[in-house]
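Before any comments, here is the structure.
Residue numbers (my numbering), protein chains in the order written: chain A, 8 to 572; chain B, 827 to 1143.
Here it is as structure tokens:
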């Protein structure tokens, strides 16, 4: 960096907040690489122009990795306007109601016409402005203020203002309503905390400081599309009214949906004239439809059963790092799992790379028995990865008084590759003398009422469950692992852990988050209340003529920059 | 005959009522509750309570059942829990689809099965009989999933001559609709051909060995006349029974074929409703299948009595 660059950087730094300057320091010191700087800067609301200027001024000071766009998904060549993209997706399981939607098929419908304050761009692993142009935390991170994008119109012609945003979030966070977003907002945000500052500014007064709050109002929280003030959510499916690049043409339950380009879109009219979605209730017909040329893209698929796509060069496969994972919990309050050595032995028996190869056909990342995975910038990668060690596992079992092993029930659900994973786990455990008695249940029986005493998921001695993708690990760290968490299937109670998580959630800057993540990861490895064998990649397939689609790992797909060559 | 039909209809109504009670009770035994099925396993308990209250599923069972049945007898099938829209149009549309596919299959498989069976029986024990029977029985045991995928791979993808999705574009004409139903119909024809062919064959052989057939042949009637006038009519009797019992399967039991060929039939509608504990949809779907099944059995009984005067006289007495 020469003197000129220094002067430029000083100019850029003048007048910026303490936190923003802190990140610039971190970048200069090499503790943040360029990609992490972009990601973290976006969380605290630094504009991309500012971050770009800072990076330019820093020049080659730190180019360990660049914010590269991901392979096939990035638009290449000159976009060609026109055409209708045909996509296959899972049929929405319920009414298209922004308040109650929980399934992959339904949430992608919301994302076609609806938009969020913030967009979590999973291709770049970075937050981007959507309906909010900027956002800033108060010192400590208990109040977050969002500036709204001017000139945005709903599909009904009405201008979007703070009133609409306040209405949306008051509904979503209202504990008296059937809001699915409550699983994120409970003890984070209550309706009273949503405040209109002026017609284009909204402030969120949180119940506790939260360093990653922008993720909770981003596309990760799929219920949080901004709807006009006073919208009846249960009737939303007749209009699909939003601010997005596409408007509803038709929607037929169980059959499909079609959308038209919105010429008045604030981000410019999309290249496509429109899109049509065909709904399927299982994966094989979707793959056949892509191969047979009846659709141009599959919104999301799982690796199992998709060998023909993954092994073919005729399709663009977009792989996204996701935080979706499988979690094996062991009842810390039930023998023999009261002894941490027994729990460690279980974790050491697992052959993780083989699981990824066999069950996910390579489309996954190693898990290290904590919810921290490659999707999160805060993950502390200096904590060593746990690897299979049968000898050590046997030693631990002997030391714990089980030289000949033991047998224990392992209950799980019929979902994606999980029954096969349970079989592999059983085989791995057998190698160290542990007999896992598998019980594979339908999802409804397995989850039951999802409260303690009424749920095989939460009550079984060993329980193997799925967790879907989220933009921040907060829910994974709290609900299944804190002493009073509602999904603590392991009955893990550790006050040191509880305090670390509280600090982590509140921490606004990345180095503190990473430092705390390191402590949490180390503590979880020592205690091993859960085994996280792997994280599943999000998979999207298109034909080679499709460009510029932007999928997310929660199985939504954004088509505003998509085109067909 | 009129009394016979009235009696049967009365019995059918009672059966349907009992069916509705059984479905209601069975739905209560299914794990999970409707609100949680909609909101997902990880939804906040307060949200689940709010939605259960909204749907009325937090009320006592008797109240829920009374509410549903009083609406149903007034012709109101209610509102789907999952989709928040009226059940009737969804069920009627799905039933229409199922009936259309079933009709295509019947039109192909019934004449084919009867002809095959009679032709095999006329050469009983000879190679022709063996070949027809072995092929028929073998195709019966090939699961729809297997034959369906092979058909899709061959005709839909490799040769690319037939559409792999049975759902036709909106507003398609009848020929186009039938064109879309060719592939999904074949696995079903394969499964049913064996049954019908075997029943027709057995009936024909029995009739061929009967005294009246021997008499007819001995009195010098041409072989063709004997078969048409004496054999065919008698050999059809058991075949009709078999066909009638397959109606239930063809209307409501095609979940695999409907899923594979993406066809919105009533079978998958019911399975989805059961998974989602969408009780109004489940009841409506099952009762509709029940009605179809009973109508089919009634028609079969009437046909049977027309072909077999012995039964007709008994009923009239």
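Glycine included, C-beta positions come from ideal geometry on N, C-alpha and C.
**Request:** Could you name the residues of the same chain whose beta carbon sits closer than 7 Å to that of residue 1085 (chain B), not counting the 5 residues immediately before and after it, in chain order?
**Result:** Indexing the second chain from 1 puts residue 1085 (chain B) at position 259. Closer than 7 Å at Cβ, skipping near neighbours: 1094.
**Prompt:** If we ignore side chains and look at the alpha-carbon of each, how far apart do residue 372 (chain A) and residue 543 (chain A) end up?
**Reply:** Along the first chain, one-based indexing puts residue 372 (chain A) at 365. Along the first chain, one-based indexing puts residue 543 (chain A) at 536. If you draw a straight line from the Cα of residue 372 (chain A) to the Cα of residue 543 (chain A), it comes to about 7 Å.
**Item:** Same chain only: Cβ atoms within 6 Å of residue 247 (chain A), ignoring 5 sequence neighbours per side
**Value:** In the first chain, counting from the first residue as 1, residue 247 (chain A) sits at position 240. Shown here for residue 247 (chain A): same chain residues with a beta carbon closer than 6 Å to its own, the five before and five after excluded, namely 120, 255 in chain order.
**Prompt:** Based on the DSSP secondary-structure assignment, which residues constitute the bridge partners of residue 211 (chain A)?
**Reply:** Within the first chain, numbered from 1, the residue matching residue 211 (chain A) stands at position 204. Residue 211 (chain A) is bridged by DSSP to A:151, A:201.
**Message:** When you compare the CB of residue 1072 (chain B) with every CB in chain C, is at least one pair closer than 8 Å?
**Reply:** No chain C is part of this structure, whose protein chains are labelled A and B.
**Request:** Could you please tell me which residues of the segment 440-455 of chain A, in chain order, have their CB closer than 9 Å to any CB of chain B?
**Result:** Within the segment 440-455 of chain A, the residues whose Cβ lies closer than 9 Å to some Cβ of chain B are 448, 449, 450, 451, 452, 453, 454, 455, listed in chain order.
**Message:** For a cutoff of 8 Å on Cβ pairs, would you count residue 200 (chain A) as touching chain B?
**Reply:** Along the first chain, one-based indexing puts residue 200 (chain A) at 193. Judged by the 8 Å Cβ criterion, residue 200 (chain A) is not in contact with chain B.
**Prompt:** Is the beta carbon of residue 377 (chain A) sitting closer than 8 Å to the one on residue 539 (chain A)?
**Reply:** To locate residue 377 (chain A), count along the first chain from 1; it is residue 370. To locate residue 539 (chain A), count along the first chain from 1; it is residue 532. Yes, the Cβ-Cβ distance between residue 377 (chain A) and residue 539 (chain A) is below 8 Å.
**residue 45 (chain A): contacting residues in chain B (beta-carbon distance under 9 Å)** = As a first step, residue 45 (chain A) is located in the first chain; it is residue number 38 there, counting from the start. Chain-ordered listing is empty here: chain B has no CB closer than 9 Å to the CB of residue 45 (chain A), the nearest sitting near 31 Å.
**Prompt:** Using CA coordinates, which residue listed in A:190, A:290, A:398 is at the minimum distance from residue 481 (chain A)?
**Reply:** Residue mapping note: residue 481 (chain A) aligns to position 474 of the first chain, counting from 1. Ranking A:190, A:290, A:398 by Cα distance to residue 481 (chain A) puts A:190 first.
**Message:** the ligand HEM and residue 897 (chain B): does any heavy atom of the ligand fall closer than 7 Å to the residue's C-beta?
**Reply:** With respect to the ligand HEM, the structure shown offers nothing to examine, as it has no ligands at all.
**Residues near residue 462 (chain A) by beta carbon distance below 7 Å, same chain, minus five either side** = As a position in the first chain, residue 462 (chain A) is number 455, starting the count at 1. So the qualifying residues of the chain are 454, 455, 456.
**Request:** Drop a sphere of 10 angstroms on the beta-carbon of residue 80 (chain A), count the other beta-carbons inside from all chains shown, and report buried for 16 or more, exposed for fewer.
**Result:** The sequence position of residue 80 (chain A) within the first chain is 73, counting from 1. Per-residue confidence for residue 80 (chain A) stands at a pLDDT of 44, beneath the threshold of 50, marking its modelled position as unreliable; no derived number is given.
**Request:** Could you tell me how far apart the beta carbons of residue 442 (chain A) and residue 870 (chain B) are, in whole angstroms, since I believe they sit closer than 8 Å?
**Result:** If you number the first chain from 1, residue 442 (chain A) lands on position 435. If you number the second chain from 1, residue 870 (chain B) lands on position 44. Contact doesn't hold; Cβ gap of about 37 Å is too wide.
**Prompt:** According to DSSP, what are the bridge partners of residue 371 (chain A)?
**Reply:** To locate residue 371 (chain A), count along the first chain from 1; it is residue 364. DSSP output for residue 371 (chain A) lists A:543 as bridge partner(s).
**8 Å Cβ cutoff, residue 908 (chain B) in contact with chain A** = As a position in the second chain, residue 908 (chain B) is number 82, starting the count at 1. Yes, residue 908 (chain B) counts as interfacial toward chain A.
**Separation of residue 1079 (chain B) from residue 1128 (chain B), as counted between CA atoms** = Position 302 of the second chain, counted from the start, is the residue given in the question as residue 1128 (chain B). Position 253 of the second chain, counted from the start, is the residue given in the question as residue 1079 (chain B). Residue 1128 (chain B) and residue 1079 (chain B) have their C-alpha atoms spaced approximately 25 Å apart.
**Asked** Is it true that the segment 105-112 of chain A meets the segment 173-190 of chain A, where meeting means three or more beta-carbon pairs spaced less than 8 Å apart?
**Response** Yes, the segment 105-112 of chain A touches the segment 173-190 of chain A.
**Asked** Got a sec: is the Cβ-Cβ distance from residue 183 (chain A) to anything in chain B below 8 Å?
**Response** Taking the first residue of the first chain as position 1, residue 183 (chain A) is located at position 176. Yes, because at least one Cβ of chain B sits closer than 8 Å to the Cβ of residue 183 (chain A).
**Request:** Starting from residue 301 (chain A), find everything on chain B with Cβ-Cβ shorter than 9 Å and list it in chain order.
**Result:** Locating residue 301 (chain A) in the first chain gives position 294, counting from the first residue. The answer, in chain order, is 982, 989, 990, 991.
**Asked** Is there at least one Cβ from chain A nearer than 8 Å to residue 995 (chain B)'s Cβ?
**Response** Here residue 995 (chain B) is taken as the residue at index 169 of the second chain, counted from 1. No, no contact with chain A.
**Message:** Could you give the first and the last residue of the continuous alpha helix (DSSP H) run that contains residue 504 (chain A)?
**Reply:** The sequence position of residue 504 (chain A) within the first chain is 497, counting from 1. Run containing residue 504 (chain A): 502-513, per the alpha helix (DSSP H) assignment.
**Request:** Could you tell me whether the segment 331-345 of chain A touches the segment 468-477 of chain A, using the rule of 3 or more Cβ pairs below 8 Å?
**Result:** As far as the Cβ criterion goes, the segment 331-345 of chain A touches the segment 468-477 of chain A, which means the pair count is three or higher.
**Item:** Every unbroken alpha helix (DSSP H) within the segment 1031-1113 of chain B, with a cutoff of 4 residues, ordered by chain
**Value:** Secondary structure remark: continuous alpha helix (DSSP H) runs of at least 4 residues inside the segment 1031-1113 of chain B, in chain order: 1037-1044, 1058-1078, 1081-1086, 1092-1101.
**Prompt:** Is residue 397 (chain A) closer than 8 Å to residue 417 (chain A) when the C-beta atoms are compared?
**Reply:** Counting from 1 along the first chain, the entry for residue 417 (chain A) is found at position 410. Counting from 1 along the first chain, the entry for residue 397 (chain A) is found at position 390. When the beta-carbon positions are compared, residue 417 (chain A) and residue 397 (chain A) stay at least 8 Å from each other.
**Prompt:** Would residue 984 (chain B) be called buried (16 or more neighbouring beta carbons within 10 Å of its own) or exposed?
**Reply:** Stepping through the second chain from its first residue, residue 984 (chain B) is reached at position 158. Classification for residue 984 (chain B): exposed.
**Message:** Short of 8 Å Cβ to Cβ, which residues in the segment 236-269 of chain A face chain B?
**Reply:** For the segment 236-269 of chain A, which is checked against every Cβ of chain B, the residues closer than 8 Å are 241, 244, 260, 261, 262.
**Item:** Limits of the unbroken beta strand (DSSP E) element including residue 281 (chain A)
**Value:** Locating residue 281 (chain A) in the first chain gives position 274, where the first residue counts as 1. For residue 281 (chain A), the enclosing beta strand (DSSP E) stretches over residues 281-287.
**Message:** Using a Cβ-Cβ cutoff of 8 Å, what residues of the segment 93-124 of chain A are near chain B? List them in chain order.
**Reply:** Using a CB distance below 8 Å, the part of the segment 93-124 of chain A facing chain B consists of 100, 101, 102, 104, 107, 109, 110, ordered along the chain.
**Message:** To test your reading of the DSSP string, which unbroken alpha helix (DSSP H) runs of 4 or more residues are found completely within the segment 864-944 of chain B?
**Reply:** Runs of the alpha helix (DSSP H) inside the segment 864-944 of chain B: 871-881, 887-899.
**Request:** Have a look at residue 866 (chain B) and residue 437 (chain A) and give me their C-alpha separation to the nearest angstrom.
**Result:** The count along the second chain starts at 1 and reaches residue 866 (chain B) at position 40. The count along the first chain starts at 1 and reaches residue 437 (chain A) at position 430. Just so you know, the alpha carbons of residue 866 (chain B) and residue 437 (chain A) end up roughly 34 Å apart.
**Item:** Nearest-angstrom beta carbon gap, residue 249 (chain A) and residue 232 (chain A) [assumed within contact, 8 Å]
**Value:** Your numbering for residue 232 (chain A) matches position 225 in the first chain. Your numbering for residue 249 (chain A) matches position 242 in the first chain. With a Cβ gap of about 6 Å, residue 232 (chain A) and residue 249 (chain A) count as contacting.
**Message:** Could you give the first and the last residue of the continuous beta strand (DSSP E) run that contains residue 413 (chain A)?
**Reply:** In the first chain, the residue the question calls residue 413 (chain A) occupies position 406. Segment 413-420, the beta strand (DSSP E) holding residue 413 (chain A).
**Request:** Taking residue 1094 (chain B) as the query, report the chain A residues whose CB atoms sit under 7 Å from its CB, ordered along the chain.
**Result:** Against the second chain, residue 1094 (chain B) aligns to sequence position 268. Chain A residues near residue 1094 (chain B): 288.
**Asked** chain A partners of residue 865 (chain B), CB-CB under 7 Å?
**Response** Within the second chain, residue 865 (chain B) is the residue found at index 39, counting from 1. In chain order, 107, 109, 185, 187 make up the part of chain A whose C-beta sits under 7 Å from the C-beta of residue 865 (chain B).
**Request:** Note down, in chain order, each residue of its chain lying with its Cβ closer than 6 Å to the Cβ of residue 1124 (chain B), except the 5 sequence neighbours on either side.
**Result:** Reading the second chain from its first residue, position 298 is the one you call residue 1124 (chain B). Taken in chain order, the residues that qualify are 834.
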